[in-house]
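Protein chains: 4
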Amino acid sequence: MPDTPQLHSAVVAAEGHLVDSQQLKAIFDKVIERGGTFEVLHFNLGRTNDEFSKLTLRVNTATAPALEDLLEELLPFGCHPFDVQDATTRVTDQDGCVPDDFYSTTNQRTHVRIGGTWVEVERQRMDAVVVVVGGRAICRKLREVRAGDRVVCGLEGIRVTPEFRDRTRADFGFMTNEISSERRVEASVGRIAALMRHTRQRGKKIAFVAGPVVVHTGGGAYFIDLIRQGAVDVLLSGNALAVHDAEQSLFGTSLGVDLEAGTPVVGGHRHHMRAINAINAAGGITGAVASGVLKTGVMVECVRAGVTFVLAGSIRDDGPIVDTVTDIVQAQDRYAEALQDVGLVIVLSTMLHGIGVGNMLPAWVPVVCVDINPAVVTKLADRGSSQTIGLVTDVGLFLHQLAISVAEDAGSKKGGAVGEDAPLGSKS
Amino acid sequence: MPDTPQLHSAVVAAEGHLVDSQQLKAIFDKVIERGGTFEVLHFNLGRTNDEFSKLTLRVNTATAPALEDLLEELLPFGCHPFDVQDATTRVTDQDGCVPDDFYSTTNQRTHVRIGGTWVEVERQRMDAVVVVVGGRAICRKLREVRAGDRVVCGLEGIRVTPEFRDRTRADFGFMTNEISSERRVEASVGRIAALMRHTRQRGKKIAFVAGPVVVHTGGGAYFIDLIRQGAVDVLLSGNALAVHDAEQSLFGTSLGVDLEAGTPVVGGHRHHMRAINAINAAGGITGAVASGVLKTGVMVECVRAGVTFVLAGSIRDDGPIVDTVTDIVQAQDRYAEALQDVGLVIVLSTMLHGIGVGNMLPAWVPVVCVDINPAVVTKLADRGSSQTIGLVTDVGLFLHQLAISVAEDAGSKKGGAVGEDAPLGSKS
Amino acid sequence: MPDTPQLHSAVVAAEGHLVDSQQLKAIFDKVIERGGTFEVLHFNLGRTNDEFSKLTLRVNTATAPALEDLLEELLPFGCHPFDVQDATTRVTDQDGCVPDDFYSTTNQRTHVRIGGTWVEVERQRMDAVVVVVGGRAICRKLREVRAGDRVVCGLEGIRVTPEFRDRTRADFGFMTNEISSERRVEASVGRIAALMRHTRQRGKKIAFVAGPVVVHTGGGAYFIDLIRQGAVDVLLSGNALAVHDAEQSLFGTSLGVDLEAGTPVVGGHRHHMRAINAINAAGGITGAVASGVLKTGVMVECVRAGVTFVLAGSIRDDGPIVDTVTDIVQAQDRYAEALQDVGLVIVLSTMLHGIGVGNMLPAWVPVVCVDINPAVVTKLADRGSSQTIGLVTDVGLFLHQLAISVAEDAGSKKGGAVGEDAPLGSKS
Amino acid sequence: MPDTPQLHSAVVAAEGHLVDSQQLKAIFDKVIERGGTFEVLHFNLGRTNDEFSKLTLRVNTATAPALEDLLEELLPFGCHPFDVQDATTRVTDQDGCVPDDFYSTTNQRTHVRIGGTWVEVERQRMDAVVVVVGGRAICRKLREVRAGDRVVCGLEGIRVTPEFRDRTRADFGFMTNEISSERRVEASVGRIAALMRHTRQRGKKIAFVAGPVVVHTGGGAYFIDLIRQGAVDVLLSGNALAVHDAEQSLFGTSLGVDLEAGTPVVGGHRHHMRAINAINAAGGITGAVASGVLKTGVMVECVRAGVTFVLAGSIRDDGPIVDTVTDIVQAQDRYAEALQDVGLVIVLSTMLHGIGVGNMLPAWVPVVCVDINPAVVTKLADRGSSQTIGLVTDVGLFLHQLAISVAEDAGSKKGGAVGEDAPLGSKS
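In order, the protein sequences belong to chains X, H, E and F.
If you count the first sequence from 1, position 21 lands on 80 in this note's numbering, and the numbers rise without skipping.
If you count the second sequence from 1, position 212 lands on 271 in this note's numbering, and the numbers rise without skipping.
If you count the third sequence from 1, position 262 lands on 321 in this note's numbering, and the numbers rise without skipping.
If you count the fourth sequence from 1, position 401 lands on 460 in this note's numbering, and the numbers rise without skipping.
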């Protein structure tokens, strides 16, 4: 118990799957961590797995600013002031800047009280501000804010509903975000294939975020398989994937050896640069496919299958090819646009683009992260995304298994009823 | 011995520290790897550590294209055609594109024969083309080539001199690029401090390439120490370092706790976004320092000490702050410009920017790469940079040791003679 | 909700810090995971941080064996049958073997009901059986059981009290078992020094479990510092630590170079073997110290300071020296004996011995695990020991910091009152 | 160039593939590293890939002891004194101890000159002493030496022939010990299958050294496949593999779930201990198979197929089961015995047993090391075994691919001629 008297207090409330989602523990931890004390005024534990729990809590701190801070930090756990008022908004006076006390969003579902009504915030993502336009509340990035915008400030009239991982849902159930290389990958792959089918059944798109390791590890052929099975709607990547893919396609023999040997061919950089030169001479990937310069490979299949792809530039790019979006602000916007209606994201061996995508997603879109390096999986899972499912394994072998699993999954559903059991390949 | 008759042959020559730099083995390996055979026509091993060795070798292959390929792959090992001709050049007819048989550079010292004279290539870097302008030969990136440029093509008249790591040089000697976490860091730190002093003595600059982990691990205070000691000329990084640094500076208390606990504060993203908002409202870092918004931190010290800094954008950036160069082509140019006259690069926990910088450097600029993840160190060392010295350790503790070691190194040289023994801090 | 009717049910109860220790969530998860359903009959949430919570729960399953299984799995979470009976015991009829339905212990505090009285189990450790002797209940390893022993079987009359990590305790507070290399080590080191002092204040011993990396990374000198400061009571290790330590002591020059260079000296194995030969010729470590063969090093200091050390053999041992306990059953017994009265364990870069020790400890002895490889820290933390505090950092630099921190800690307490603030060095 | 005059000199000679095996560079490096200088008196480079190179070298040092040290360190690189004498031997006067200047072996092929004749050392392994018995020279471990044995001392009359990796051999060719997770595993698996067949063709055995991860990652079924295909002659492991295997076999359902979920079942330790109890009650693995207690699993298949298995104890063992050899000296002897006539060793996810086995092998037995953790692969490769082929990948998926690849390899050879192309399964 703290030594300082705790003179400032407030009453907060929360409801939901407070135990299952660990909100209750997080709320208590936060109060103690911030040097406060608490008293449970009322707690009703949901009697069954389906019932909500309800909490009313008095929190006490030593100073008024400490109380303010604490209340702000409790908000992401679904803990809101008991007395309800409208959200405070202020008008900005400078492009790209907002008042000091602006509310910075989490990626959790958020409601804002406007004119007495709770309105769900649109385009939910983390690290955004909420702009009120008419009766709507919309997430905007700082740089998108314009002078004159009405921005939500302070803490009143804001409610966050932390995502709850339903243990009984077949797709998500029991896939935890525990990170271990000592697990049976084949079991996990089956679950991911099922998750892909369920995503499609919900009318949502599937996005892959892929690094060049997909090509290096021999996963390209299996990724092409997935594209042909209709399992890939969106491909988010960078310059390197496209270049390595083209390099393999254009310099078959020598890179065949490379892929066989698995070791970097000294002098192989020539092929790399020639591939870039060839694509740029053809005016980019689509041109290179049209003119027959590129005949095989992941990017060729994307063009043919109408997969939406966005290649974001990075400081380590060679070239880059003309398709690469070199301005990262523009690249972020293009990524975000491509992620609309995406219901599942699979990140393959790319921490850079994976974190980029993670920043843009609301908490309810599950992310599967596959990498042979446990540190990458941990880092992606740590970004506050409770939705991340980590898999520490070889990406090439993983894609081999996934292509088989998706094909089997589709096969077993063939001739089945429409709707619930539509095979993954049928987009419409 | 291959079964196919080896009818096509050529005679190549090489000279240098062929044994010490492992060129001899690499040359033999490459011939066998490509299915060829070889015969040593002449080999003279340097009798002492200081003498060059000389090799004349006949290589044989089954087909003419295989011979051409092989000769191209031998070039980076300093193996050039025995008969000497001028380099072939062709004029480009399209901006950003070059003839198919263009010569793609390595990062090794390269000479091109123009009008009977061997000319050293300027601005040497890897993955570039060589443009001949008057009697000069200059590295250009593909995207910098303009229609009408004369570009070196084919293999004739090109000589590569692989960097040789002199075992007797005090600075470099015995620091291998072997990667292990099971070594005594304190010994390595002393060597790096000496390497820094020698760099300064040669009249060269020292560049740090740093990720935000420098701040997370508590290394910020020690890095500031190094800046104040005059040990940092150039800082290459991204948006995240500046933002985390500002966040710590602006929200001392709460981030003090964060730094103490070492764990992400849920809700800490607010501080992150507020730091961005504050900097951008002040018009950027320099403005924020001038106006007193930012009073402490790595970036403040950079501004005060006149350290050249470039922040490159990336797809995962929050904000970004207005100082961040969001277009990566422009960012690469700014990085490359800042690296002029740099004689030593120290990469601290950032694979992304580290690889970016590695791509830009000639082979004779040593790179020290410090990371707690051996995979990152290995990856940077694998980029064909024989000059990389890897150190697997905790970056915060490393900076603590380095700041002490640089101070001691300077102290022990105080009052010493000018020139050879000038302390690190004295830039001029 | 499961499709199968849930006809079999039981009522269980639990009390404690059910929310803070995440027991509540774990209980619910386990029921659902096993295909059961639950209904909360009664739940009283502790109103303050200090009050216990109480739960009464009805669980339902489809079959009787499933119910039995579920109840068994709920036991480790402190969930016991509502109706209380004495524990069932059976007499064994074969040495080293027990009845099929024997109760296998966790490392959590356990009580067994004997003759209507709840008796705390002695020598608590995981993977043991409980033998009832007179009115006492004692943990025994399988191999220690003798024909005629009365062994606790089934589930009745057993209560487990999961360890609760008190967030307000100064020593443990806010040191989580989160694993990250991106944290400030210096802050953690201060906490560990405090934890060491508190351990000593509670009259408990401090044990180090150390691998040879302690010597390789130059940590030996600092570890010696800790021994001299009286901070080491027990050293548990293997043959390699003693041999590498002796090697460094005996072949100073050459190994000085080795330690400087940080790279394995080819031919260094000679020194290794000569060290073993020298120690064994002297009749072991104590003999080698007495006869002056060994003059410096970690083992010499252990002998001088009266530190209890046990070296356990392993399949990869060279030699081994005669001090090494080559039979692992005997080595485990010696380890376990040395761990009596130990209140804090610090594991330095040795997964093998670290796991060995982890298996022997009750859950209430905190374990600090320091390793540069996050996978090792994760693995030790995953052994079900909620008490593990992980630190991913360089072991050599860590020991340097720890020696400083312990010295400062002792210094700041000098002249202070007896008892609560006794400096770490004062064992009595 | 060193400042001290180099007054002491000796002439040494070496012959072999000095360039390809990097001996030449290593010899020069070692001289400089030890502060010496050298002069090449004669060097003849093999003119083709098949010809040996020959070197005569004068080395100079400042002191006589430094010269002695240097000559000793040059020995492992095949560099021997030019003037040839018989090896010096001394008679030991104490069991387990030898004279101070004893020669400590490497794992390279070694000859000793006895009575004017060069005799090849038998049972070659590293860290041994050479005992002369009659006209024979045999490796003995220190602990095996008995008073009265004649032990080789000093440096005269000893020649080491470093293993040379022949680039043109189909099996070994181009499989380097470079460690990377960014390679195509499927290509490597094909090579390993070929290596297995070639091993069998040479009349040699294949040994697997396996950790329990084989079971955790679902690789058990595929490993059983390999046993049934006759691809496993020897299995070296520890207690854990056998226990986890039995646990899976005995508690199918619940462990089925475990293997599916890939996460540790809290409470799963019961099954672990029950498996141990069941095996020990049956008198061990063979008894448990005979009595039908164990019906499936890796160990069952080993018993049925007559695979030689040795389980070595370790400090972290639970139980252990009675089959485990708890004394590690005895376990090492049993391992070494099982490794006689083994021509290929495949290490699956076990650093402990892998290093143990590596210590016992001569340099000409190739070792394939498969682990998802690159640090383990690096560590095994660093043990001075140039023969180690590292593969960073998922062990479960690797075994799946290997079982397929071995089956295909056998299939494609069916009906073929005897001898050279005998399928892998035919042991005789």
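Glycine is no exception: its CB is placed at the ideal position from the N, C-alpha and C atoms.
This one's a predicted model, so the numbers in the text were calculated from it and none came from an experiment.
Reference residue i, options the options, closest by Cα
i: E/L300; options: E/E222, E/G277 and E/G289; result: E/G277
i: E/E110; options: E/F310, E/V78, E/T120 and E/V118; result: E/V78
i: X/L116; options: X/F267, X/G95, X/R168 and X/T122; result: X/G95
i: X/G155; options: H/T147, H/A341 and H/S112; result: H/A341
i: H/Q389; options: X/V274, X/V404 and X/G378; result: X/G378
i: H/K438; options: H/M410, H/Q82 and H/S464; result: H/M410
i: X/C212; options: X/R184, X/R205 and X/V171; result: X/V171
i: E/H331; options: E/A73, E/I380 and E/N418; result: E/I380
i: H/A422; options: H/Q167, H/A125 and H/I463; result: H/Q167
i: E/P457; options: E/V150, E/V274, E/T120 and E/D152; result: Residue identity check: residue 457 of chain E is Phe in the sequence provided, not Pro. Here the closest residue by C-alpha is E/V274.
Distance between residue j and residue i (C-alpha atoms, nearest Å)
i: E/D304; j: E/H412; result: 17 Å
i: F/V435; j: H/R195; result: 50 Å
i: F/R209; j: E/G356; result: 33 Å
i: E/A69; j: H/V429; result: 58 Å
i: F/C395; j: F/E203; result: According to the sequence as given, residue 395 of chain F is Ala; it is not Cys. Cα-Cα distance, rounded: 13 Å.
i: X/I414; j: H/R375; result: 6 Å
i: X/R256; j: X/I283; result: 18 Å
Cβ-Cβ separation, residue j to residue i (assumed contact under 8 Å), whole Å
i: F/L370; j: F/S296; result: 6 Å
i: H/E360; j: H/I286; result: 4 Å
i: H/G216; j: H/A146; result: 3 Å
i: H/L407; j: H/G270; result: 6 Å
CB contact check: residue i to chain H, cutoff 7 Å
i: X/I197; result: no
i: F/R250; result: no
i: X/H412; result: yes
i: X/C428; result: no
i: E/V302; result: no
Any C-beta of chain F under 7 Å from that of residue i
i: H/E98; result: yes
i: H/L26; result: The question about residue 26 of chain H has no answer, for chain H in this structure spans 60 to 487.
i: X/D79; result: no
Local Cβ density within 10 Å of residue i, reported as buried at 16 or more and exposed below that
i: F/E306; result: buried
i: X/G137; result: buried
i: E/S163; result: buried
i: E/R363; result: exposed
i: F/P64; result: exposed
CB contact below 7 Å: residue i versus chain X
i: F/L456; result: yes
i: H/V157; result: yes
i: E/K113; result: no
Interface flag, residue i vs chain E, CB-CB below 7 Å
i: H/G277; result: yes
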